[in-house]
Amino acid sequence: MLDLDQAIRERHSTRLFLPQPVPRELVNEALALAQYAPSNSNIQPWHMVFASGASRDRLVAALIDEAQRRPPNIPPLPASFQHFRSELGAQVYGAMGISREDTARHAAAVLRNWEFFRAPVAGIVCMHRDLGPADALSVGMFLQTLLLALTERGLGSCVEVSISGYPEIVRAQLAIPTELSILCGLAIGYPDPEFPANKLHIAREPIGENVVFLDN
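The working numbering numbers the first residue of the sequence shown as 185 and each following residue consecutively.
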């Protein structure tokens, strides 16, 4: 088991998983820890739906079918933030040896988003539609705690905003009620150690870029 500092440093997005099954008890242990995350008025607003086996396969098939028909409905980033996505894409696809000009391989790699990168466990993160930004913060704290607990247990994960781009497909396949907003997907499994993009640890900005201390 990793200690907290190690788990924080080791957690990163896994973009291809082994077909190895994930023991349910490990996921349950991680979820039990994540329940300790703080939340506004102790609402505990997070709702998780997991699919594995045939349920996962049906969801993936429906998502891929829709992704081949039309792009996901995801709001674009503001212009001043778009470079972050471009820089990340260059690193991820570059690690896989896919150039910008290689449209066929790029399209195939993008489709893996809706396969949950072949993870055996596909999760959907939800929140009640009537709740607001403070409660979304609570869901984020729950999710980060869950990711660290999974990392500590040797499991890889990837938070996928792309999954929220087809909410009607996810809702229909997993019988998610309309009062729950679909925030993102979550892929869980054992990382493929040979996949080049799994070896990436994307650099972070120095804290001075995001934090201000006012002492006087």
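Even glycine gets a Cβ: it sits at the ideal position worked out from N, Cα and C.
Remember, it's a predicted structure, so these values are computed and weren't measured experimentally.
Provide the residue span of the alpha helix (DSSP H) that contains S270, from first to last. What you label residue 270 is simply residue 86 of the sequence shown in a count that begins at 1. Start and end: 266-279.
With C-beta atoms as the reference, is V323 less than 8 Å away from V309? Mapped onto the sequence shown, residue 323 falls at position 139. Mapped onto the sequence shown, residue 309 falls at position 125. Taking 8 Å as the Cβ cut-off, V323 and V309 qualify as a contacting pair.
Can you give me the start and stop residues for the alpha helix (DSSP H) that E389 sits inside? Locating residue 389 in the sequence shown gives position 205, where the first residue counts as 1. It is not in any alpha helix (DSSP H) - E389 carries neither H nor E in the DSSP assignment.
Tell me which residues share the same chain as G340 and place their Cβ nearer than 7 Å to its Cβ, disregarding the 5 neighbours each side in the sequence. For the purposes of this step, residue 340 is taken as the residue at position 156 of the sequence shown. If we look at G340 and ignore the five residues flanking it on each side, its Cβ neighbours are T198, F201, G373, Y374, P375.
Does DSSP put A303 in a helix, a strand or coil? Position 119 of the sequence shown, counted from the start, is the residue given in the question as residue 303. Looking at A303 - three-state DSSP - the assignment turns out to be coil, as it is neither helix nor strand.
Check whether the Cβ atoms of L358 and L243 lie closer than 8 Å to each other. To locate residue 358, count along the sequence shown from 1; it is residue 174. To locate residue 243, count along the sequence shown from 1; it is residue 59. Yes, the pair counts as a contact, with Cβ atoms nearer than the cut-off.
Should the stretch 211-223 be regarded as contacting the stretch 312-326, the criterion being three or more beta carbon pairs within less than 8 Å? yes
Do the CB positions of V396 and I258 come within less than 8 Å of each other? Residue mapping note: residue 396 aligns to position 212 of the sequence shown, counting from 1. Residue mapping note: residue 258 aligns to position 74 of the sequence shown, counting from 1. No, these two residues do not count as a Cβ contact at 8 Å.
Quick one: using the 10 Å Cβ neighbour count with 16 as the cut-off for buried, is P205 buried or exposed? Working through the sequence shown from its first residue, we reach residue 205 at position 21. Exposed, because fewer than 16 other Cβ atoms sit within 10 Å of the Cβ of P205.
With C-beta atoms as the reference, is R296 less than 8 Å away from R302? Here residue 296 corresponds to residue number 112 of the sequence shown, with the count starting at 1. Here residue 302 corresponds to residue number 118 of the sequence shown, with the count starting at 1. Contact: yes.
When you compare only the Cα positions, how much space is there between I386 and M280? Along the sequence shown, read from residue 1 onward, the residue named residue 386 stands at position 202. Along the sequence shown, read from residue 1 onward, the residue named residue 280 stands at position 96. For I386 and M280, the distance between alpha carbons rounds to 15 Å.
Shorter than 8 Å from the beta carbon of A303 to some beta carbon of chain B? The chain labelled as chain B is not found in the depicted structure, where only one protein chain is given.
Whole angstroms are fine: how far does the CA of L367 sit from the CA of L331? One-based indexing of the sequence shown puts residue 331 at position 147. One-based indexing of the sequence shown puts residue 367 at position 183. Computed Cα separation, rounded: 16 Å.
Pull up the CB-CB distance for A371 and F326, whole angstroms please, since I reckon it's below 8 Å. Within the sequence shown, numbered from 1, the residue matching residue 371 stands at position 187. Within the sequence shown, numbered from 1, the residue matching residue 326 stands at position 142. With 8 Å as the limit, A371 and F326 do not qualify as a contact, their Cβ atoms being about 17 Å apart.
Could you give the DSSP three-state label for V396: helix, strand or coil? Taking the sequence shown and counting its residues from 1, one reaches residue 396 at position 212. Coil.
Mapping DSSP to helix, strand and coil, what is H196? Taking the first residue of the sequence shown as position 1, residue 196 is located at position 12. Looking at H196 - three-state DSSP - the assignment turns out to be coil, as it is neither helix nor strand.
Just curious, the beta strand (DSSP E) that A235 is in, first and last residue? On the sequence shown, residue 235 is found 51 positions in, with the first residue counted as 1. That run of the beta strand (DSSP E) goes 231-235.
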